[in-house]
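*Asks:*
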Amino acid sequence: MKTKAIIDNFLYKIELFYRNFGNEWSINDFAEDKNQKNVIKEFLPFLESKGIIEIVSEEKFKIIDLPSNRL
212 MKTKAIIDNF
222 LYKIELFYRN
232 FGNEWSINDF
242 AEDKNQKNVI
252 KEFLPFLESK
262 GIIEIVSEEK
272 FKIIDLPSNR
282 L
């Protein structure tokens, strides 16, 4: 899967999961493939800088706002 597709899919899932299931998540909840996990892990600091997530640890984060509100 290409990087853009991984990011688009991740953003879609963040919206869905936050609206329906809460705000605390792990990278493992969104991807099983090692490449996809690495792309998401590298993308998290960008989302934190935009006020969408708060990184809790290397693998865990909290969703604090919807991507559609900030991007």
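Numbering (the working numbering), first residue to last: 212 to 282.
Backbone N, C-alpha and C fix where the C-beta goes; we use that ideal spot for every residue, glycine too.
Treat the numbers as computed from the prediction; the structure is a model and nothing was measured.
For R281 and I264, I'd like the C-alpha separation in whole angstroms.
*Replies:* In the sequence shown, the residue the question calls residue 281 occupies position 70. In the sequence shown, the residue the question calls residue 264 occupies position 53. Taking the straight line from one Cα to the other gives about 11 Å.
*Asks:* For I266, does the three-state DSSP call read helix, strand or coil?
*Replies:* For the purposes of this step, residue 266 is taken as the residue at position 55 of the sequence shown. Strand.
*Asks:* Which residues does DSSP pair with I274 in a beta bridge?
*Replies:* Here residue 274 corresponds to residue number 63 of the sequence shown, with the count starting at 1. DSSP lists I264 as partners of I274.
*Asks:* Measuring alpha carbon to alpha carbon, tell me which of K215, N249 and S260 ends up nearest D276.
*Replies:* Position 65 of the sequence shown, counted from the start, is the residue given in the question as residue 276. Measuring from the Cα of D276, the nearest candidate turns out to be S260.
*Asks:* Between E253, N220, N231 and G233, which has its C-alpha nearest F241's C-alpha?
*Replies:* As a position in the sequence shown, residue 241 is number 30, starting the count at 1. Ranking the options by Cα distance to F241, first place goes to N220.
*Asks:* For E235, list the residues DSSP reports as bridge partners.
*Replies:* Residue mapping note: residue 235 aligns to position 24 of the sequence shown, counting from 1. Answer is K273.
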